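Protein chains in written order, with this note's numbering: chain A, 32 to 388; chain B, 851 to 1058. Beneath this line is the structure, given in structure tokens, with notes to follow.
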Amino acid sequence: MKKLINNPEDVVRENLAGMAVAHPDIIKVHFEPNFIYRADAPIQDKVAIVSGSGSGHEPLYNGCVGYGMLDAACPGEVFTAPTPDQMLEAAKIVNSGSGVLYLVNNYSGDVMNYEMAAELAMSEGIRVLNIIIDDDVAVKDSLYTQGRRGVGTSVLAAKICGAAAEAKYDLKQIAELTRKVNLNGRSMGMALTSCITPQKGTPLFDLGDNEIEFGIGIHGEPGRERLPLKTADEITEMMALSIIEDSAYKRVLREWDEDKEEWTDIELIDPPLASGDSVLAFVNGMGGTPLPELYIVYRKLAEICEKKGLKIVRNLVGSYITSLEMQGCSITLLKMDDELIKLWDAPVNTVSFRWGM
Amino acid sequence: MLEKKQIIDWIDNFTAVIAEKKDYLTELDAAIGDADHGINMNRGFQKVSEKLPTVIDRDIGTILKTVSMTLISTVGGASGPLYGTFFLKASAVAAQKEELTPEELVQLLQAGLEGVMYRGKAQLEDKTMIDALSPAVDAFKQSLANNNSELEGLQKAVDAAEEGMKKTIPLIARKGRASYLGERSMGHQDPGATSSYLMLKTLLESVR
Chain A
32 MKKLINNPED VVRENLAGMA VAHPDIIKVH FEPNFIYRAD APIQDKVAIV SGSGSGHEPL
92 YNGCVGYGML DAACPGEVFT APTPDQMLEA AKIVNSGSGV LYLVNNYSGD VMNYEMAAEL
152 AMSEGIRVLN IIIDDDVAVK DSLYTQGRRG VGTSVLAAKI CGAAAEAKYD LKQIAELTRK
212 VNLNGRSMGM ALTSCITPQK GTPLFDLGDN EIEFGIGIHG EPGRERLPLK TADEITEMMA
272 LSIIEDSAYK RVLREWDEDK EEWTDIELID PPLASGDSVL AFVNGMGGTP LPELYIVYRK
332 LAEICEKKGL KIVRNLVGSY ITSLEMQGCS ITLLKMDDEL IKLWDAPVNT VSFRWGM
Chain B
851 MLEKKQIIDW IDNFTAVIAE KKDYLTELDA AIGDADHGIN MNRGFQKVSE KLPTVIDRDI
911 GTILKTVSMT LISTVGGASG PLYGTFFLKA SAVAAQKEEL TPEELVQLLQ AGLEGVMYRG
971 KAQLEDKTMI DALSPAVDAF KQSLANNNSE LEGLQKAVDA AEEGMKKTIP LIARKGRASY
1031 LGERSMGHQD PGATSSYLML KTLLESVR
């Protein structure tokens, strides 16, 4: 295994140090605990949005900090959820008094660390709500597993909810909007190769030359099934149909109840996609797949959506939520309405997302 | 009766055990998780061993709370909040105390276990730490109720934890990252149950 690094232990810190010197106009970096925050934080009268998961998914979340998106990102070790002190200190710096939304991916480590972070922040008088993203249709049931993982919809939620915060939605409204984005988003991913964490130095799973792993998450964990290699069109069709034909998905998530002042289980149900829906189509690279291959996938995806009566009103093609150097891709379809389109189109200025400015 | 010195020895010895078993725990995690359990636990306990000397003159509660806060801020992943919560809830039972009766030690472990169950939303046979901790606490309680000594009780607890750990092998994981594997998680011993067993085994060895 070859990697362009100095020491495995220094990867996260040196990445942050590089971003700090490259983009001082957009972000600042805080070390120990580690987090990236908007250079102009806190923004008066604006809800702050804080996210972050294990490192290794760049440009999510580090590249998503700035105007119109995240106020802070808390990177953990590679593929390891960040620790509560990171989210607590980040919240203290970016909170203007309008409250903080923790945008959390549904991995057990992330959920627990963000719950503890919220408890600590609230004990220091900061108003916090945690909203969970769980959009990965590869996970069938929530009864016997941790439930669906947070994948591609996280990127779209960060953009849309960040725009809502700029538009002065209050904390409850942003929490409601984030839930809506989550319920309207569905993703499916696949891998052609495994990825290699700097610490371990060898592939996280073995995949033969003629095999693909279908239904992966973003941490190199094995997926739903292992299949013989197929053409891009066949793979795209399998992924797209898994999303389009997914039925209503019911699960229970734990959220903070501000009135009762305790964690409360709430039941949420995703409505399935239906012919006539408008969607944002997101084709995401896992880190090691060249852009032309993603457009090959997009081309087929657009054809399938048309056939199924789904109108693609916006799209995103590129590697935004990655798994180190893994080859592979994911598809996310987010059902859109006028509110979501307006917020998606709103100006953004981060390291990795910049338009309308 | 358990003295403060033995609690400090327990933490010191467990730090050494984690360092020694780092690769073993990581290998177990590679099979059904993401290959970082040993690495993360070792990072946390190395930091604990740096912090421990600053609080050895304080009460057991403060010592365990320091262990907890250090783990919470350095381990990350799922183990950070789970082991952090275990020691946090345990520390509350030992607040202001310089020694623990056998009954208090059971309460301490019970409080830690309940904290882990709440935080992780896990039950017995979900293939987690609970599968080692829960039977251990039950066995310890039962042994004391039968008027056995603290050492005998702890030995029963460790035996139950070991059995519980081994029983995770055929289980299908229902919590954490291993749960995504479904039936493919069968045939592998849970890394969290393994580190929990090691924690109790080290406690026994530190008391003996």
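Even glycine gets a Cβ: it sits at the ideal position worked out from N, Cα and C. This one's a predicted model, so the numbers in the text were calculated from it and none came from an experiment.
Not one beta carbon of chain B lies nearer than 8 Å to the beta carbon of F313(A). From the beta-carbon of G130(A), no residue of chain B is found nearer than 9 Å; the closest lies around 23 Å away.
Counting only the Cα atoms, I124(A) lies some 25 Å from W294(A).
Comparing C-alpha distances from G883(B) to each of M269(A), W375(A), S139(A), R285(A) shows the shortest one belongs to S139(A). Rounded to whole angstroms, the separation of the alpha carbons of A195(A) and E207(A) is 11 Å.
Short of 6 Å from the beta carbon of F66(A), and not among the five residues preceding or following it, lie these beta carbons of its own chain, in chain order: A103, C105, Q117, A121.
Minimum Cα-Cα distance from R44(A) among the listed residues G87(A), N137(A), E286(A) corresponds to G87(A). For Y968(B), there is no enclosing beta strand (DSSP E); the residue is found in the alpha helix (DSSP H) stretching over 952-970.
Residues of chain B with a Cβ closer than 8 Å to the Cβ of S139(A) are, in chain order, A928, G970, K1025, G1026, R1027. If one requires a minimum length of 3 residues, the beta strand (DSSP E) runs lying completely within the region 157-184 of chain A are 159-164, in chain order. Counting only unbroken stretches of 4 or more residues, the alpha helix (DSSP H) elements lying wholly within the region 889-939 of chain B are 910-924, in sequence order. Listed along the chain, the chain A residues whose CB falls inside 9 Å of the CB of I889(B) are E108, T111, Q230, K231. Counting only Cβ-Cβ distances below 8 Å, L235(A) has contacts in chain B at A880, D884, A885, in chain order. The DSSP assignment places 263-275 as complete runs of the alpha helix (DSSP H) inside the region 206-288 of chain A, in order along the chain (cut-off: 4 residues). Listed by position along chain B, the residues whose Cβ is nearer than 8 Å to that of D116(A) are I922, S923. Rounded to the nearest whole angstrom, the CA to CA distance from E89(A) to F245(A) is 22 Å. Per DSSP, F66(A) lies in no alpha helix (DSSP H); the unbroken beta strand (DSSP E) holding it starts and ends at 66-69. Here the C-alpha atom of A885(B) lies approximately 30 Å from the C-alpha atom of A263(A).
Rounded to whole angstroms, the gap between the alpha carbons of G1037(B) and H61(A) is 43 Å. DSSP, read as helix, strand or coil, puts L132(A) in strand. For the region 37-103 of chain A, the full-length alpha helix (DSSP H) segments reaching 4 residues or more read 42-53 along the chain. Closer than 7 Å at the C-beta level to chain B, one finds these residues of the region 164-177 of chain A: V170, Y175, T176, Q177. L921(B) sits close to G894(B), with the two beta carbons spaced by under 8 Å. Closer than 9 Å at the C-beta level to chain A, one finds these residues of the region 927-955 of chain B: G927, A928, S929, G930, P931, L932, G934, T935. Taking A1011(B) as reference, the option from D981(B), R969(B), T916(B), V898(B) with the minimal CA-CA separation is D981(B).
Residue contact with chain A for Y1030(B): present (Cβ-Cβ distance below 8 Å to some residue of chain A). In the DSSP assignment, K331(A) falls within the alpha helix (DSSP H) that extends over 322-338.
Taken through DSSP and simplified to helix, strand or coil, F864(B) comes out as helix. Ranked by how close their Cα comes to the Cα of L355(A), the residues T228(A), S383(A), G232(A) have T228(A) in first place. A distance of 8 Å or more separates the beta carbons of D76(A) and A112(A).
According to DSSP, residue pairing for G316(A) in a beta bridge involves C360(A). Around the beta carbon of S929(B), 16 or more other beta carbons sit within 10 angstroms, so the residue counts as buried.
Between I1019(B) and G1032(B), the C-beta spacing is not below 8 Å. In this structure, V182(A) sits away from I362(A), with a CB-CB distance that is not shorter than 8 Å.
Of the candidates E197(A), P378(A), D237(A), V96(A), D237(A) places its Cα closest to the Cα of M357(A). One Cα belongs to S1035(B), the other to A1028(B), and the distance between them is close to 6 Å.
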